[in-house]
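Have a look at the structure below, then the notes.
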Amino acid sequence: MRKKKSYAQAVKRILRPEITHCLECQSKLQRSVTISDRMIITLKQVIRLVHCGYRCPHPNCSERKTLYRSAEADALALAGFTFGLDIVLFVGHLRLSEHKTVDEIHQILSEQLAPLAQTISRREILFLFEAYTALLRAGTEVPHDEGWKEQVRKNKGIVLSIDGIQPDKGNETIYLIRDVLTGRILTADNVTESTKDRLKQLLAPVVALKVPVLGVISDAQPTELQAVADLWPDIPHQICQFHARRFADD
(Lines of atoms letter the chains of each structure in order from A and count residues from 1; the text may use other names and numbers.)
(Lines give C-alpha, C1' and ligand atoms only; values in the text may rest on other atoms or scores of the structure.)
Protein backbone atom coordinates (compact mmCIF):
# COMPACT_ATOMS: atom_id res chain seq x y z
CA MET A 1 0.00 0.00 0.00
CA ARG A 2 1.30 3.46 -0.90
CA LYS A 3 2.34 5.47 2.14
CA LYS A 4 0.30 8.61 2.69
CA LYS A 5 2.29 11.84 2.48
CA SER A 6 2.97 13.68 5.73
CA TYR A 7 3.13 17.47 5.91
CA ALA A 8 4.51 18.02 9.41
CA GLN A 9 6.69 20.94 8.24
CA ALA A 10 3.86 22.78 6.48
CA VAL A 11 3.66 26.55 6.92
CA LYS A 12 0.15 28.01 6.72
CA ARG A 13 -0.33 30.94 4.36
CA ILE A 14 -3.56 32.84 3.84
CA LEU A 15 -3.54 34.73 0.55
CA ARG A 16 -6.02 37.38 -0.55
CA PRO A 17 -6.49 39.28 -3.82
CA GLU A 18 -3.90 41.95 -4.57
CA ILE A 19 -6.76 44.08 -5.90
CA THR A 20 -8.51 45.52 -2.84
CA HIS A 21 -11.30 47.59 -4.38
CA CYS A 22 -13.98 46.82 -6.95
CA LEU A 23 -12.88 47.73 -10.47
CA GLU A 24 -16.42 48.92 -11.25
CA CYS A 25 -17.58 50.98 -8.25
CA GLN A 26 -14.40 51.21 -6.14
CA SER A 27 -16.07 49.73 -3.04
CA LYS A 28 -13.69 47.86 -0.72
CA LEU A 29 -13.85 44.14 -1.50
CA GLN A 30 -14.96 41.64 1.14
CA ARG A 31 -14.15 37.98 1.61
CA SER A 32 -16.78 35.83 -0.06
CA VAL A 33 -15.45 32.28 -0.41
CA THR A 34 -12.47 30.01 0.19
CA ILE A 35 -11.28 29.13 -3.31
CA SER A 36 -8.96 26.42 -2.03
CA ASP A 37 -7.45 25.03 1.16
CA ARG A 38 -4.67 22.65 0.16
CA MET A 39 -1.09 21.52 0.57
CA ILE A 40 1.62 22.64 -1.86
CA ILE A 41 5.18 21.30 -1.98
CA THR A 42 7.69 23.80 -3.38
CA LEU A 43 11.46 23.55 -3.69
CA LYS A 44 11.90 25.61 -0.52
CA GLN A 45 8.98 24.78 1.76
CA VAL A 46 5.72 22.93 2.27
CA ILE A 47 2.74 25.29 2.36
CA ARG A 48 -0.80 24.88 3.54
CA LEU A 49 -2.42 27.42 1.23
CA VAL A 50 -5.74 29.06 2.05
CA HIS A 51 -6.76 31.00 -1.06
CA CYS A 52 -9.47 33.55 -0.26
CA GLY A 53 -11.85 34.85 -2.91
CA TYR A 54 -13.32 38.35 -2.56
CA ARG A 55 -16.34 40.09 -4.10
CA CYS A 56 -17.79 43.58 -4.15
CA PRO A 57 -20.27 44.01 -1.26
CA HIS A 58 -22.24 46.86 -2.84
CA PRO A 59 -25.77 45.56 -3.55
CA ASN A 60 -26.26 47.81 -6.57
CA CYS A 61 -22.90 47.16 -8.25
CA SER A 62 -23.21 45.46 -11.64
CA GLU A 63 -19.99 43.52 -10.91
CA ARG A 64 -20.88 42.28 -7.42
CA LYS A 65 -20.69 38.64 -8.64
CA THR A 66 -17.14 38.98 -10.00
CA LEU A 67 -14.75 36.84 -7.95
CA TYR A 68 -11.34 38.34 -7.25
CA ARG A 69 -8.43 35.91 -6.80
CA SER A 70 -4.87 36.19 -5.52
CA ALA A 71 -2.24 36.24 -8.27
CA GLU A 72 0.33 35.06 -5.74
CA ALA A 73 -1.81 32.04 -4.79
CA ASP A 74 -2.34 31.07 -8.42
CA ALA A 75 1.40 31.40 -9.06
CA LEU A 76 2.29 28.88 -6.36
CA ALA A 77 0.81 25.82 -8.05
CA LEU A 78 -1.36 24.73 -10.95
CA ALA A 79 -4.95 23.74 -10.14
CA GLY A 80 -5.11 20.17 -8.85
CA PHE A 81 -1.34 19.88 -8.29
CA THR A 82 0.38 19.26 -4.96
CA PHE A 83 3.85 19.99 -6.34
CA GLY A 84 4.42 23.70 -6.85
CA LEU A 85 4.77 25.54 -10.11
CA ASP A 86 8.46 26.09 -9.34
CA ILE A 87 8.97 22.30 -9.40
CA VAL A 88 7.04 21.97 -12.68
CA LEU A 89 9.30 24.60 -14.27
CA PHE A 90 12.43 23.07 -12.74
CA VAL A 91 11.54 19.67 -14.23
CA GLY A 92 11.04 21.26 -17.66
CA HIS A 93 14.33 23.13 -17.36
CA LEU A 94 16.29 20.01 -16.37
CA ARG A 95 14.76 17.94 -19.16
CA LEU A 96 14.88 20.39 -22.08
CA SER A 97 17.74 22.76 -21.23
CA GLU A 98 20.12 20.45 -19.37
CA HIS A 99 18.98 17.28 -21.17
CA LYS A 100 18.74 15.27 -17.97
CA THR A 101 17.13 11.83 -18.04
CA VAL A 102 14.04 11.11 -15.97
CA ASP A 103 16.16 9.08 -13.55
CA GLU A 104 18.64 11.94 -13.17
CA ILE A 105 15.81 14.41 -12.54
CA HIS A 106 14.35 12.01 -9.99
CA GLN A 107 17.65 11.89 -8.12
CA ILE A 108 18.11 15.68 -8.19
CA LEU A 109 14.59 16.38 -6.93
CA SER A 110 14.72 13.65 -4.31
CA GLU A 111 17.84 15.27 -2.87
CA GLN A 112 16.26 18.74 -2.98
CA LEU A 113 13.06 17.61 -1.25
CA ALA A 114 14.74 15.47 1.41
CA PRO A 115 15.24 18.37 3.89
CA LEU A 116 11.48 18.99 3.68
CA ALA A 117 10.77 15.30 4.47
CA GLN A 118 9.06 14.97 1.08
CA THR A 119 9.44 12.44 -1.73
CA ILE A 120 8.63 12.34 -5.42
CA SER A 121 8.20 9.33 -7.68
CA ARG A 122 9.49 8.77 -11.18
CA ARG A 123 5.89 8.66 -12.40
CA GLU A 124 5.16 12.04 -10.80
CA ILE A 125 8.13 13.53 -12.65
CA LEU A 126 6.72 12.32 -15.97
CA PHE A 127 3.38 13.87 -15.02
CA LEU A 128 5.04 17.18 -14.12
CA PHE A 129 6.90 17.26 -17.43
CA GLU A 130 3.58 16.76 -19.25
CA ALA A 131 2.23 19.72 -17.27
CA TYR A 132 5.24 21.80 -18.33
CA THR A 133 4.70 21.11 -22.02
CA ALA A 134 0.98 21.85 -21.59
CA LEU A 135 1.90 25.26 -20.15
CA LEU A 136 3.88 26.11 -23.26
CA ARG A 137 0.84 25.17 -25.38
CA ALA A 138 -1.55 27.34 -23.35
CA GLY A 139 -1.55 30.22 -25.81
CA THR A 140 -2.81 28.04 -28.67
CA GLU A 141 -5.82 26.75 -26.70
CA VAL A 142 -7.22 29.94 -25.16
CA PRO A 143 -8.65 31.49 -28.38
CA HIS A 144 -10.89 28.43 -28.84
CA ASP A 145 -12.16 28.20 -25.25
CA GLU A 146 -15.71 29.54 -25.50
CA GLY A 147 -16.42 28.84 -21.82
CA TRP A 148 -13.54 31.05 -20.76
CA LYS A 149 -14.57 33.78 -23.22
CA GLU A 150 -18.07 33.79 -21.74
CA GLN A 151 -16.61 34.25 -18.25
CA VAL A 152 -14.49 37.13 -19.55
CA ARG A 153 -17.62 38.76 -20.96
CA LYS A 154 -19.27 38.47 -17.55
CA ASN A 155 -16.19 40.02 -15.93
CA LYS A 156 -16.11 42.77 -18.60
CA GLY A 157 -12.48 41.97 -19.34
CA ILE A 158 -9.31 40.52 -17.86
CA VAL A 159 -6.69 41.52 -15.31
CA LEU A 160 -3.23 40.36 -16.37
CA SER A 161 -0.56 38.93 -14.10
CA ILE A 162 2.93 38.89 -15.63
CA ASP A 163 5.17 36.44 -13.80
CA GLY A 164 8.78 35.86 -14.84
CA ILE A 165 10.43 32.89 -13.10
CA GLN A 166 14.01 31.67 -13.37
CA PRO A 167 14.07 27.88 -12.81
CA ASP A 168 17.82 28.09 -12.23
CA LYS A 169 20.41 30.82 -12.08
CA GLY A 170 21.22 31.60 -15.67
CA ASN A 171 19.81 33.47 -18.63
CA GLU A 172 16.54 31.55 -19.03
CA THR A 173 13.25 32.93 -17.74
CA ILE A 174 9.83 31.30 -17.96
CA TYR A 175 7.12 33.93 -18.38
CA LEU A 176 3.57 33.04 -17.40
CA ILE A 177 0.80 35.45 -18.40
CA ARG A 178 -2.40 34.82 -16.46
CA ASP A 179 -5.89 36.32 -16.17
CA VAL A 180 -6.21 37.02 -12.45
CA LEU A 181 -10.03 37.04 -12.46
CA THR A 182 -10.36 33.50 -13.85
CA GLY A 183 -6.94 32.09 -12.95
CA ARG A 184 -6.44 31.02 -16.58
CA ILE A 185 -2.93 30.97 -18.05
CA LEU A 186 -3.18 32.83 -21.36
CA THR A 187 0.32 32.25 -22.68
CA ALA A 188 3.71 31.04 -21.51
CA ASP A 189 7.16 30.99 -23.02
CA ASN A 190 10.78 30.26 -22.20
CA VAL A 191 12.90 33.29 -23.11
CA THR A 192 16.61 34.07 -22.95
CA GLU A 193 16.18 37.84 -23.00
CA SER A 194 13.66 40.09 -21.24
CA THR A 195 13.86 43.20 -23.41
CA LYS A 196 10.84 45.41 -23.96
CA ASP A 197 10.39 44.18 -27.53
CA ARG A 198 10.68 40.52 -26.51
CA LEU A 199 8.05 41.01 -23.81
CA LYS A 200 5.73 42.76 -26.26
CA GLN A 201 6.16 39.75 -28.55
CA LEU A 202 5.31 37.49 -25.61
CA LEU A 203 2.16 39.52 -24.90
CA ALA A 204 1.06 39.52 -28.56
CA PRO A 205 -1.29 36.49 -28.11
CA VAL A 206 -3.10 38.42 -25.36
CA VAL A 207 -3.47 41.45 -27.62
CA ALA A 208 -4.79 39.15 -30.36
CA LEU A 209 -7.61 37.96 -28.07
CA LYS A 210 -9.14 41.45 -28.42
CA VAL A 211 -10.64 41.45 -24.94
CA PRO A 212 -10.66 44.47 -22.61
CA VAL A 213 -7.65 44.60 -20.29
CA LEU A 214 -8.80 46.14 -17.01
CA GLY A 215 -5.43 46.19 -15.28
CA VAL A 216 -2.00 44.57 -14.98
CA ILE A 217 -0.12 43.14 -12.00
CA SER A 218 3.63 42.57 -12.37
CA ASP A 219 6.97 43.08 -10.68
CA ALA A 220 9.02 46.26 -10.93
CA GLN A 221 11.23 45.13 -13.82
CA PRO A 222 11.64 48.21 -16.06
CA THR A 223 11.17 46.34 -19.35
CA GLU A 224 7.86 44.90 -18.11
CA LEU A 225 6.65 48.36 -17.15
CA GLN A 226 7.70 49.71 -20.55
CA ALA A 227 6.07 46.89 -22.52
CA VAL A 228 2.77 47.30 -20.69
CA ALA A 229 2.87 51.09 -21.10
CA ASP A 230 3.34 50.67 -24.85
CA LEU A 231 0.53 48.12 -25.26
CA TRP A 232 -2.01 49.43 -22.73
CA PRO A 233 -1.05 53.01 -21.85
CA ASP A 234 -4.29 53.95 -20.11
CA ILE A 235 -4.89 51.04 -17.75
CA PRO A 236 -3.91 50.69 -14.07
CA HIS A 237 -0.59 48.86 -13.54
CA GLN A 238 -0.01 47.59 -10.02
CA ILE A 239 3.36 46.43 -8.69
CA CYS A 240 2.70 43.22 -6.78
CA GLN A 241 4.68 42.84 -3.54
CA PHE A 242 5.11 39.12 -4.24
CA HIS A 243 6.45 39.76 -7.75
CA ALA A 244 8.63 42.65 -6.56
CA ARG A 245 10.16 40.55 -3.78
CA ARG A 246 11.14 37.83 -6.23
CA PHE A 247 12.61 40.42 -8.63
CA ALA A 248 14.69 41.91 -5.81
CA ASP A 249 15.90 38.46 -4.74
CA ASP A 250 17.19 37.49 -8.20
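Mind the numbering: the sequence shown is residues 8 to 257 in our numbering, read in order.
Even for Gly, the Cβ is constructed at its ideal location relative to N, Cα and C.
All values reported here derive from a predicted model rather than from experimental measurement.
Based on DSSP bridge pairs, tell me the residues matched to Thr-41. Cys-59
Could I get the ranges of all uninterrupted beta strand (DSSP E) runs contained in the segment 170-248, with 3 residues as the minimum, in chain order? 180-186, 191-198, 220-225, 244-246
Glu-118 versus Ile-127: straight-line alpha-carbon distance, rounded: 10 Å
By the three-class DSSP mapping on this structure, what secondary structure does Lys-156 have? helix
Beta-carbon proximity of Glu-79 to Leu-167, cut-off 7 Å: no
Report buried or exposed for Ala-82, applying the criterion of at least 16 other Cβ atoms within 10 angstroms of its Cβ. buried
I'd like to know if the segment 43-61 and the segment 11-18 are in contact, where contact means that at least 3 CB-CB pairs between them fall below 8 Å. yes
Looking only at its chain, what residues have a beta carbon closer than 6 Å to the beta carbon of Leu-142, apart from the 5 residues adjacent to it on each side? Ala-195
His-113: which of Arg-102, Pro-24, Leu-56 sits nearest, CA to CA? Arg-102
Considering only residues of the same chain and omitting the five flanking positions on each side of Thr-155, which have a CB-CB separation below 6 Å? Note on identity: in this sequence residue 155 is Trp, with Thr being the wrong assignment. Arg-191, listed in sequence order.
Using the C-alpha atoms, what's the distance from Val-109 back to Thr-230? 36 Å
Range covered by the beta strand (DSSP E) that runs through Leu-50: No beta strand (DSSP E) holds Leu-50; DSSP gives it neither H nor E.
Tell me the rounded alpha-carbon separation between Gln-233 and Ile-242. 13 Å
Endpoints, alpha helix (DSSP H) assigned at Ile-132: 129-143
Buried or exposed: which applies to Glu-25, given that a residue is buried once 16 or more other Cβ atoms fall within 10 Å of its Cβ? buried
N-terminal and C-terminal residue of the beta strand (DSSP E) that Arg-21 is part of: In the sequence on display, residue 21 carries Ile and not Arg. Where Ile-21 is concerned, the enclosing beta strand (DSSP E) stretches over 18-22.
Within 10 angstroms of its Cβ, does Ala-124 collect 16 or more other Cβ (buried), or is it exposed? exposed
Using a 10 Å radius around the Cβ and a threshold of 16 neighbouring Cβ atoms, would you call Asp-257 buried or exposed? With a pLDDT of only 42 at Asp-257, under the threshold of 50, the placement of this residue in the model should not be trusted, and no figure is reported.
Pro-174 burial status per 10 Å Cβ neighbour count (16 or more: buried): buried
Are the segment 35-44 and the segment 56-73 touching by the rule of at least three beta carbon pairs closer than 8 Å? yes
Cys-29 classed as buried or exposed, judged by whether at least 16 other C-beta atoms fall within 10 angstroms: buried
Segment limits, alpha helix (DSSP H) that includes Phe-97: 92-99
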